[in-house]
Amino acid sequence: MEKQVTSGRSHLALILVGFLAIAVSFFAYAKNNNLIITPAAMPALQNLAVATYLVLLASFAAIGWGLYKMYKTKITSADSSISSIIANAIHNKRSKQIFIISAIGYGLFFALTSGTIIYKPDINATDYGFPKPPHIELSPCCDFPGYMPMIFAFFTEHVGLQIIPLNLLLLVTVSFLVGLNFALSSTVFSIAKSGGKLGAFGAVTGLFVGCPTCAGTIFTMLFGFGAGATTFTLFLTSFEAQIQTIFIAISIPVLLVTPIIMAKKIKSQNESCAVKP
């Protein structure tokens, strides 16, 4: 038991270090906004931009490994903690399939609505001064923390990618949480169907928060399009991107709390079944 607790703490520490490294890299890079950008300084700034993305990718790997090892630890433990209940509730083929499909599906939806995936058949990238595709360009300066450095990748004149560090972080984080909510909801639905005692609330809570991008998308459709374009935001205005980011960031606490609520419902149902004669 002590070994499992120590192992769990090391996995949690790995996850926290990953998120801390991302935050530090965002704010450290944002200090470049106060610098006077000259042609001579651009190579060094671009190297720093590449280093920022390497830190981001390494942090994703550390967080993912920490979550995986924590999951493996929890499914082998017999404790009744919330994290153990969540891990064991999704430890079946059906839940894993739902997790993968919903996470990937939501990730694609978020990428399209946030402008990470660019598809504009009525606009040519070359009309905005970009070379003929395929082409990749790194934009190292200047914006708020998390919004720089940007990467533009054009595969055709109408299709490409606009990678913003903060949006990339939100895409991975929220897609994972949406997948977790849908996977856990499938388990809750199964228990509710067989036992009929979890009630409608516990069964649909995860699905209710399954589209945190929608509010931001509707908002920008009503108020955002066509205003405030900048030099580097070719297909998505910075105002729209920030509004979208705010809506997604607000949804993260809800996506974190919902699995806890459902896990408590599962725990209470299991306890009630255990005391039945």
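Counting from 18, one number per residue, gives the positions in the sequence shown under our numbering.
Don't be surprised by glycine CBs; every beta carbon is placed ideally from N, CA and C.
Assigned with DSSP and collapsed to three states, Phe147 falls in coil, not helix or strand. Counting along the chain, no alpha helix (DSSP H) covers Gly132, and no H or E run does either. Straight through space, the alpha carbons of Tyr164 and Ala280 are spaced by roughly 35 Å.
In this structure, the beta-carbon distance from Leu155 to Ile134 does not fall below 9 Å.
Phe193 carries a helical assignment under DSSP once its states are collapsed to helix, strand and coil. In this structure, DSSP gives Ser156 an extended state, which the three-state scheme calls strand. Under DSSP, Met167 shares a beta bridge with Ser156. Ile180 has Ile168 as its beta-bridge partners, per DSSP.
Contact annotation, Ser192 with Ala79: C-beta distance approximately 18 Å; criterion of less than 8 Å not satisfied. DSSP places Ser42 within a helical segment (H, G or I) once states are collapsed to three. Between the region 189-204 and the region 93-113 there are three or more C-beta pairs closer than 8 Å, enough to call the two in contact. For Phe206, the closest C-alpha among the options Lys86, Ile99 and Ile115 is that of Ile115. When the five nearest sequence neighbours on each side are left out, the beta carbons in the same chain lying within less than 6 Å of the beta carbon of Leu194 are those of Leu272, in order along the chain. Residues Gly124, Phe127, Ala128, Ser131 and Thr133 of the same chain have their beta carbon placed closer than 8 Å to that of Leu188, with the five preceding and five following residues left out of the count. Closest in alpha carbon position to Ala38, among Leu74, Ile278, Arg26 and Lys48, is Leu74. Counting along the chain, the unbroken alpha helix (DSSP H) around Lys89 starts and ends at Met59 to Thr93. For the pair Ile99 and Ile267, the CB atoms are not nearer than the 9 Å cut-off. Phe161 carries a coil assignment under DSSP once its states are collapsed to helix, strand and coil. Around the CB of Asp96, fewer than 16 other CB atoms lie within 10 Å, so the residue is classed as exposed.
Under the DSSP assignment, Ile99 falls in the alpha helix (DSSP H) whose first and last residues are Ile99 to Ala106.
The C-alpha of Lys86 is placed about 10 Å away from the C-alpha of Ile92.
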